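Notes follow once the structure below has been shown.
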Amino acid sequence: MTKKAQTQTERAGAGRRRGSLAGVDRELQVRIGAQLRAMHDDIIHEGVPERFQELLAQLDRTKAKD
Amino acid sequence: MDGLDGDDSVRRGIIAAIPRLRAVAVSLTGSADRADDLVQETMLRAYANIDKFEPGSNLAAWLFTILRNQFRSEYRKRKREVEDVDGHHVDSLTASPEQMGKVEFNELRAALTLLPPEQREALVLVGASGFSYEEAADICGCAVGTIKSRLNRARARLSQLLSPSGPVTPEGPEPSQNSDNGETFATGDLEQRD
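Chains as they are written, first to last, in the working numbering: chain A, 1103 to 1168; chain B, 922 to 1115.
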């Protein structure tokens, strides 16, 4: 996060007078975003499980019969 | 048989999309088993409708539209079933750590299942899977502005749920919901992706 972005967020937060700590919020948002992507990438790295390879082979056989 | 070549490239595209479909499905359903069932159903539908896919158009968007519509119809069905049981949704209890991989993500997964489905899908498509606002709007069948506001509400709610001090108002009105125009939270964090 850039310093400028942080300042802007803090200003925006203060401007709305919500009394929330915009900086902390922002940090949490960044962390959640990173975690979401890490979780997503974890599953992507599992590749194509056997279950789906079998299903594909089965679908292709059905298709070939058409 | 010219048509087969076209189908074949779509077929390869479907296979290539499986890992990403699974990743999105896990975040949508909160359960590895349900995610794989959802992906399987998506593949069957894609295959059955392969001739309806326009070559050259966005295959990922097409596949994720099928996945998303399937998720929504399952969600409705499931919600009815679950509410019949105890009058409240127990979605968040379906994830078991062994099935779901890393324990560190359990809290996030559970929090995701507490988001309304429309917020969840906006967040997962844009924030996790890296779709553009336009693609996500296309997939969800809504306006780009709608995706943006759902995304903002999802982020606000999620940071509430995952805040170190604990959720402030678990089921109550969200403090940032008063603005639906996407200004409440600065965009740019969650969707920054290569």
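For glycine and all other residues, C-beta sits at the position ideal for the given N, C-alpha and C. Just so we're clear, the structure is a prediction, and the values are computed from it rather than from any experiment.
Three-way DSSP call (helix, strand, coil) for residue i in this model
i: residue 970 (chain B); result: coil
i: residue 1010 (chain B); result: Since pLDDT at residue 1010 (chain B) reaches only 48, below the 50 mark, its modelled position is unreliable, and the value read off the structure follows with that caveat. In this structure, residue 1010 (chain B) counts as coil in the three-state DSSP scheme.
i: residue 1038 (chain B); result: helix
i: residue 1142 (chain A); result: helix
i: residue 1016 (chain B); result: Residue confidence for residue 1016 (chain B) is low, a pLDDT of 46 falling below 50, so the modelled location carries little weight; the figure read from the coordinates is stated next. Correct three-state label for residue 1016 (chain B): coil.
i: residue 1091 (chain B); result: Confidence in residue 1091 (chain B) is poor, its pLDDT being 48 and thus under 50, which makes the residue's placement unreliable; the coordinate value appears in the next sentence. It is coil, neither helix nor strand.
i: residue 930 (chain B); result: helix
i: residue 976 (chain B); result: coil
i: residue 940 (chain B); result: helix
i: residue 948 (chain B); result: helix
i: residue 994 (chain B); result: helix
i: residue 1149 (chain A); result: coil
i: residue 935 (chain B); result: helix
i: residue 1137 (chain A); result: helix
i: residue 925 (chain B); result: Because residue 925 (chain B) carries a pLDDT of 49, less than 50, the predicted location of this residue cannot be relied on, and no value is offered for it.
i: residue 1116 (chain A); result: Unreliable placement is indicated for residue 1116 (chain A), whose pLDDT of 47 sits below 50; no coordinate value is reported for it.
i: residue 982 (chain B); result: helix
Run of the alpha helix (DSSP H) containing residue i, from where it starts to where it stops
i: residue 1079 (chain B); result: 1065-1082
i: residue 1057 (chain B); result: 1054-1061
i: residue 1046 (chain B); result: Premise fails: residue 1046 (chain B) is in no alpha helix (DSSP H) and is neither H nor E.
i: residue 1033 (chain B); result: 1027-1034
i: residue 1152 (chain A); result: 1152-1167
Chain A contact residues for residue i, given Cβ-Cβ distances below 7 Å
i: residue 968 (chain B); result: 1161
i: residue 1046 (chain B); result: Within chain A, no residue comes near residue 1046 (chain B); the closest Cβ sits about 11 Å away, beyond 7 Å.
i: residue 936 (chain B); result: 1150, 1158
i: residue 1050 (chain B); result: 1142
i: residue 944 (chain B); result: 1142, 1145, 1146
Test item: CB-CB of residue i and residue j under 8 Å
i: residue 1038 (chain B); j: residue 993 (chain B); result: yes
i: residue 1001 (chain B); j: residue 1061 (chain B); result: no
i: residue 985 (chain B); j: residue 945 (chain B); result: yes
i: residue 1049 (chain B); j: residue 1083 (chain B); result: no
i: residue 940 (chain B); j: residue 1148 (chain A); result: yes
i: residue 1029 (chain B); j: residue 1137 (chain A); result: yes
i: residue 936 (chain B); j: residue 1158 (chain A); result: yes
i: residue 875 (chain B); j: residue 928 (chain B); result: Nothing about residue 875 (chain B) can be read from this structure; chain B reaches only from 922 to 1115.
i: residue 1040 (chain B); j: residue 1064 (chain B); result: no
i: residue 1141 (chain A); j: residue 1026 (chain B); result: yes
i: residue 960 (chain B); j: residue 980 (chain B); result: no
i: residue 1050 (chain A); j: residue 1080 (chain B); result: Within the shown structure, residues of chain A are numbered from 1103 to 1168, placing residue 1050 (chain A) beyond reach of any answer.
i: residue 947 (chain B); j: residue 938 (chain B); result: no
i: residue 934 (chain B); j: residue 1034 (chain B); result: no
i: residue 987 (chain B); j: residue 967 (chain B); result: yes
i: residue 1045 (chain B); j: residue 949 (chain B); result: yes
Neighbouring residues, chain A, relative to residue i (Cβ below 8 Å)
i: residue 1026 (chain B); result: 1137, 1140, 1141, 1144
i: residue 1070 (chain B); result: Those do not exist, as residue 1070 (chain B) stays about 16 Å from chain A at its closest Cβ, beyond 8 Å.
i: residue 1080 (chain B); result: 1127, 1130, 1131, 1134
Chain B contact residues for residue i, given Cβ-Cβ distances below 9 Å
i: residue 1149 (chain A); result: 939, 940
Partners in chain A for residue i, counting only beta-carbon separations shorter than 9 Å
i: residue 978 (chain B); result: Within chain A, no residue comes near residue 978 (chain B); the closest Cβ sits about 21 Å away, beyond 9 Å.
i: residue 1084 (chain B); result: 1126, 1127, 1130
i: residue 957 (chain B); result: 1151, 1153, 1154
i: residue 948 (chain B); result: 1138, 1141, 1142, 1145
i: residue 921 (chain B); result: With chain B covering 922 to 1115 only, the question about residue 921 (chain B) has no answer from this structure.
i: residue 989 (chain B); result: The premise fails here: residue 989 (chain B) is roughly 16 Å from chain A at the closest Cβ pair, so nothing lies under 9 Å.
i: residue 1076 (chain B); result: 1131, 1134, 1135
Contact set between residue i and chain E, taken where Cβ atoms lie within less than 8 Å
i: residue 1029 (chain B); result: The structure shown contains no chain E; its protein chains are A and B.
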